[in-house]
């Protein structure tokens, strides 16, 4: 199982979520596809790409950098090393600020 390669860095749940994200976003395979073994149908080129991705992840590179995107407030942003990865905690703060009425408005 691919996710087991990441367990030295992440707990089982997070490792599985990362592999699922990679398979869905990069190779178009749903969670059901993964469970049904459709990862075996990847082409040789796709297998090489998957191996490169896994090596980067095993080195501790964030999955957002590996995939080149991150979701923030429902929008997809391009990210790369040198760009901060949007955090779920920050999204909660931003959404909370939008719910606070401004006392500066007339």
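Numbering (the working numbering), first residue to last: 9 to 114.
For glycine and all other residues, C-beta sits at the position ideal for the given N, C-alpha and C.
#1: Straight-line CA distance for residue 193 to residue 53?
#2: Enumerate in chain order the residues of its own chain whose CB-to-CB distance from residue 92 is below 7 Å, with the five nearest sequence positions on each side excluded.
#3: Exposed or buried, residue 78, counting other C-beta atoms within 10 Å across all chains shown (16 or more means buried)?
#4: Using only the alpha-carbon positions, how far apart do residue 11 and residue 55 sit?
#5: Consult DSSP for residue 88 and reduce its assignment to one of helix, strand or coil.
#6: Around the C-beta of residue 27, are 16 or more other C-beta atoms found within 10 angstroms, so that it is buried, or is it exposed?
#7: I think residue 46 touches residue 58, with their Cβ atoms under 8 Å apart; what is that distance to the nearest whole Å?
#8: With DSSP as the reference, please indicate the residues paired to residue 79 in a beta bridge.
#9: Could you tell me the alpha carbon to alpha carbon distance between residue 70 and residue 50, rounded to whole angstroms?
#10: Measuring CA to CA, which of 87, 31 and 62 is closest to residue 13?
So, from the listed chains and residues:
#1: Residue 193 lies beyond the stretch modelled for the chain, which goes from 9 to 114, so this question has no answer here.
#2: For the purposes of this step, residue 92 is taken as the residue at position 84 of the chain shown. Excluding residues within five positions, none has a Cβ falling inside 7 Å.
#3: For the purposes of this step, residue 78 is taken as the residue at position 70 of the chain shown. With 16 or more other Cβ atoms within 10 Å, it is buried.
#4: One-based indexing of the chain shown puts residue 11 at position 3. One-based indexing of the chain shown puts residue 55 at position 47. Taking the straight line from one Cα to the other gives about 15 Å.
#5: Within the chain shown, residue 88 is the residue found at index 80, counting from 1. Reduced to three states, the DSSP call for residue 88 is coil.
#6: By 1-based counting over the chain shown, the position of residue 27 is 19. Buried: at least 16 other Cβ atoms inside 10 Å.
#7: For this step, residue 46 is matched to residue 38 along the chain shown. For this step, residue 58 is matched to residue 50 along the chain shown. About 13 Å separates the Cβ atoms of residue 46 and residue 58, ruling out a contact at the 8 Å cut-off.
#8: Here residue 79 refers to the residue found at position 71 of the chain shown. 84, per the DSSP bridge assignment.
#9: By one-based count along the chain shown, residue 70 stands at place 62. By one-based count along the chain shown, residue 50 stands at place 42. Between the alpha carbons of residue 70 and residue 50 lies a gap of roughly 23 Å.
#10: Taking the first residue of the chain shown as 1, we reach residue 13 at position 5. Checking every option, the nearest Cα to that of residue 13 belongs to 62.
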